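When the letters of the sequence shown are read in order and numbered with the numbering used here, they come out as residues 0 to 87.
Below: one structure, written as structure tokens.
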Amino acid sequence: MISCVMRLSSYYRVEIEPAEEGGFIAHIPALGCATQGETYQQTVEMAEECIRSALLGYLERGESFPTESNPTYPSIAIRVELPTSTES
0 MISCVMRLSS YYRVEIEPAE EGGFIAHIPA LGCATQGETY QQTVEMAEEC
50 IRSALLGYLE RGESFPTESN PTYPSIAIRV ELPTSTES
């Protein structure tokens, strides 16, 4: 059961490039994750979900969120809602 929700805005560099087989691939270097989509917009949406999932993993492990090493590079701004605590 989630007892509280944390809202935060994070900025992570998302590198989007065409995929060889079609569509696009998004890399999020600071989080060490990647995803893909058939259209550019779908790839952006998938990158947002990838970021949310990665941050939730850090939260569940009790680890600090990574910070972006190059915040001036073009990035995607997202609003993330994550539980601040969970009950087993």
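A virtual CB, placed ideally from N, CA and C, is assigned to each residue, including glycine.
Please read all numbers here as calculations on a predicted model, not as lab measurements.
For the alpha helix (DSSP H) that contains residue i, what are its first and last residues?
| i | result |
| --- | --- |
| glutamate 48 | 39 to 59 |
Compare the beta carbon distance of residue i and residue j with 7 Å and say whether it is the shorter of the two.
| i | j | result |
| --- | --- | --- |
| alanine 18 | glutamine 40 | no |
| isoleucine 15 | alanine 25 | yes |
| tyrosine 11 | isoleucine 27 | yes |
| phenylalanine 64 | leucine 54 | yes |
| glutamate 37 | glycine 22 | yes |
Let's test the definition: count the other Cβ atoms within 10 Å of the Cβ of residue i and tell me whether it reaches 16, buried, or not, exposed.
| i | result |
| --- | --- |
| threonine 42 | buried |
Quick one: give me the first and last residue of the beta strand (DSSP E) that residue i is part of.
| i | result |
| --- | --- |
| alanine 29 | Careful: alanine 29 lies outside any beta strand (DSSP E) and carries neither H nor E. |
| glutamate 14 | 14 to 17 |
Of the choices the options, whose alpha-carbon is the least far from that of residue i?
| i | options | result |
| --- | --- | --- |
| glutamate 47 | Ala33, Arg60 and Glu62 | Ala33 |
| alanine 52 | Gly31, Glu67, Phe23 and Thr38 | According to the sequence as given, residue 52 is serine; it is not alanine. Here the closest residue by C-alpha is Gly31. |
| isoleucine 50 | Gly22, Thr66, Glu20 and Phe23 | Thr66 |
Are there any heavy atoms of the ligand SAH lying less than 6 Å away from the beta-carbon of residue i, as far as the coordinates show?
| i | result |
| --- | --- |
| isoleucine 50 | Inclusion of the ligand SAH in the displayed structure is not the case, the ligand content being empty and no account of it being possible. |
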